[in-house]
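Chains V and E, in that order, are what the protein sequence lines are.
Numbering of the first sequence is given in my numbering, commencing with residue 1 and proceeding in unit increments.
Numbering of the second sequence is given in my numbering, commencing with residue 233 and proceeding in unit increments.
The C-beta atom is built at its ideal place from N, Cα and C for all residues, glycine as well.
Please read these numbers as outputs of a predicted model, since none were measured by experiment.
Everything below concerns the one structure shown next.
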Amino acid sequence: MSREGTQSDNIAAAAVAISMLVALYFVLIAVPNDAYQGPVQRIFYIHLSMWLPTFAAFGIVGVSSMLFLWRRDRRWDHLATSSAELGLLFCTLGLATGCIWAKPIWGTWWTWDPRLTLTLVLWMIYAAYLLLRSLATNPDQGAVLAAILGVSGVVDLYLVNRAVYWWRGIHPAVVVNKGGGSGLQDPMMRITLGLCMLAFFLLFSWLLRLRVRTARIEDDIDRLRHEVLSAV
Amino acid sequence: MLAILWKDLLVELRTKETLASLFLLGTLLLLVLSFAFDPSHPLHEASAPGVLWVAIIFSGTIGINRTLLRERENDCFAGLLLAPIDRGTLFLAKAAVNFILLTVSEMFLVPLFIFFFNLPFLATIARLILIVPLTTLGFAAIATLFSAVSLQTRAREIMLPLLMLPLATPLFLAAVQTTTALLSATPLDQVSHWFKLTVTFDVLFLVVGWLTFEYAVAE
């Protein structure tokens, strides 16, 4: 790896570490308790911050799957698979933090609210995406098959969204509700949320970069192994 | 396209194995689900639409794998792929075959469902006459595409439902919601949004399948 690569990696890692520490300080110490929900509400900042990376990741899977089918450039496939893995990770964390918050506030770990249902369906789609890749009989074909699922997943998203919303609804509108008001009264709360979202998005971008590079290296090793084996 | 359609239907007419297994499996599911929900319980009727759709979908998921798997047996698929036709057309033909097979098996399953749940016969048929084929069309489209995908994997029987069912969520929600409303004689315009959703899903997956099927079957 080039020297510049290592240097920019260090800068990225430092930026992620600092922004995470600042975000944690705000979430745990600086921000005031919620008047109704008490300290439990603090997990909300973390919970909400998971969704931006989750949806960004799934969007990237859709777009890069399309580009991969069209162009057949392995780099799009690396981006799609790395993004699917990270999307699934953030989605799982988002669901878990949501459950932890919901138990004391709603009195239940899980409800069939549209957003929860939508997220669970998304989670299933992308878990199947990763399983498909590992179960394909040949890795090249696996990449193509996964891309078909990636495209289908993203075009289906709107319909899943409509369907679960018509099915039911109780999720709080936290940031901006229909009346235009915000659930976060204190300006400090909005700052904390912004910082938290930024920190987790940086974390996501950094991990994505590392994961794409790993995918590329894996691919190179595979190719080299083939060359060596065919030369022998 | 018509030639493939005709060939598959002829094979099915001669053997009747897919249809027989679709129908028997559907019946079995109606039976098992009636065990799951106590028939003497007042909530039994409320479970009816769900029972019908679970029976259709699960028997269909397993049955549909057959139509592509059959091509696989004597390497017929290679022959089909060599034929000078567009892969998109091949997809439409296969989806049409699956649609017809599913519809025929539903022609037996729905009356049986009406019989088990003690519903008025003609009125129920009249209410379901639109939503059942519409849902079946979308189901045939997505199942055809993903059975081609799952055929190329190691665990093909389990992969098809895993890949397809989450994507088909809107289709099944629409089917169950519409059936529930129609069985309780709700006017049609109150469920029109579900109909639109079903039609959108049908069109969307016919197009996605038509465009991407060639990648799924490429060797």
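Is the shortest distance between the beta-carbon of residue i and the beta-carbons of chain V less than 8 Å?
i: A387 of chain E; result: yes
i: L415 of chain E; result: no
i: G370 of chain E; result: no
i: F433 of chain E; result: yes
i: L436 of chain E; result: yes
i: V381 of chain E; result: yes
i: Q409 of chain E; result: yes
i: A293 of chain E; result: For clarity, residue 293 of chain E is Thr in the given sequence; the question names Ala instead. Not closer than 8 Å to any Cβ of chain V, the Cβ of T293 of chain E fails to qualify, so no.
i: V440 of chain E; result: yes
i: T444 of chain E; result: yes
i: H273 of chain E; result: no
i: P316 of chain E; result: no
i: Q384 of chain E; result: yes
What would DSSP say about residue i, mapped onto helix, strand or coil?
i: G107 of chain V; result: coil
i: D73 of chain V; result: coil
i: I170 of chain V; result: A caution first: I170 of chain V carries a pLDDT of 46, below 50, which makes its placement in the model too unreliable to give a value.
i: T137 of chain V; result: coil
i: T192 of chain V; result: helix
i: D240 of chain E; result: helix
i: D186 of chain V; result: coil
i: D34 of chain V; result: strand
i: T418 of chain E; result: coil
i: I217 of chain V; result: helix
Using a Cβ-Cβ cut-off of 8 Å, state whether residue i counts as contacting chain E.
i: M197 of chain V; result: no
i: G181 of chain V; result: Unreliable positioning characterises G181 of chain V in this predicted model, as indicated by a pLDDT of 44, which lies under 50. The coordinate reading is nonetheless provided below. So, not an interface residue.
i: T111 of chain V; result: no
i: R75 of chain V; result: no
i: T108 of chain V; result: no
i: G94 of chain V; result: no
i: R162 of chain V; result: yes
i: M124 of chain V; result: yes
i: S64 of chain V; result: no
i: W166 of chain V; result: yes
i: Q141 of chain V; result: yes
i: A17 of chain V; result: no
i: D219 of chain V; result: no
i: D186 of chain V; result: no
i: S230 of chain V; result: no
i: T97 of chain V; result: no
i: I148 of chain V; result: yes
i: D34 of chain V; result: no
i: L116 of chain V; result: no
i: G169 of chain V; result: Caution is warranted here: a pLDDT of 48 is assigned to G169 of chain V, below 50, making its placement in the model unreliable, and the coordinate value is therefore given only provisionally. For G169 of chain V, the answer is no, since every Cβ of chain E falls outside 8 Å of its Cβ.
Could you tell me how far apart the beta carbons of residue i and residue j are, in whole angstroms, since I believe they sit closer than 8 Å?
i: E446 of chain E; j: G320 of chain E; result: 7 Å
i: L229 of chain E; j: A163 of chain V; result: The question about residue 229 of chain E has no answer here: the residues shown for chain E are numbered 233 through 451.
i: W166 of chain V; j: H425 of chain E; result: 7 Å
i: L284 of chain E; j: F345 of chain E; result: 5 Å
i: L135 of chain V; j: A387 of chain E; result: 5 Å
i: E277 of chain E; j: F347 of chain E; result: That pair is no contact at about 14 Å.
i: S279 of chain E; j: F267 of chain E; result: 12 Å between Cβ atoms; not a contact.
i: T430 of chain E; j: L366 of chain E; result: 5 Å
Report yes if the CB atom of residue i is closer than 8 Å to the CB atom of residue j, and no otherwise.
i: R216 of chain V; j: H47 of chain V; result: no
i: L157 of chain V; j: A448 of chain E; result: no
i: P402 of chain E; j: V160 of chain V; result: yes
i: L333 of chain E; j: E244 of chain E; result: yes
i: L95 of chain V; j: W123 of chain V; result: yes
i: M391 of chain E; j: L324 of chain E; result: no
i: C91 of chain V; j: T54 of chain V; result: yes
i: W101 of chain V; j: I43 of chain V; result: yes
i: A373 of chain E; j: D434 of chain E; result: yes
i: L89 of chain V; j: F201 of chain V; result: no
i: S65 of chain V; j: A147 of chain V; result: yes
i: L86 of chain V; j: R213 of chain V; result: no
i: V27 of chain V; j: V440 of chain E; result: no
i: S83 of chain V; j: L198 of chain V; result: no
i: V286 of chain E; j: L265 of chain E; result: yes
i: I139 of chain V; j: V40 of chain V; result: Checking the sequence shown, residue 139 of chain V turns out to be Pro, not Ile. Going by C-beta atoms, P139 of chain V is not nearer than 8 Å to V40 of chain V.
i: I317 of chain E; j: S379 of chain E; result: no
i: M249 of chain V; j: T108 of chain V; result: Examination of residue 249 of chain V is not possible in this model, given that chain V is present from 1 through 232 alone.
i: S337 of chain E; j: L251 of chain E; result: yes
i: G142 of chain V; j: L149 of chain V; result: no
Is the region 253–271 of chain E touching the region 319–328 of chain E, taking contact as three or more C-beta pairs under 8 Å? no
Assess contact between the region 383–392 of chain E and the region 411–424 of chain E, defined as three or more Cβ pairs (one per stretch) separated by less than 8 Å. Is contact present? no
The region 285–299 of chain E touching the region 241–255 of chain E, judged by at least three CB pairs closer than 8 Å: yes
The region 358–366 of chain E contacting the region 389–400 of chain E, beta-carbon criterion three pairs below 8 Å: no
For the pair the region 28–35 of chain V and the region 112–127 of chain V, tell me if three or more CB-CB distances fall below 8 Å. no
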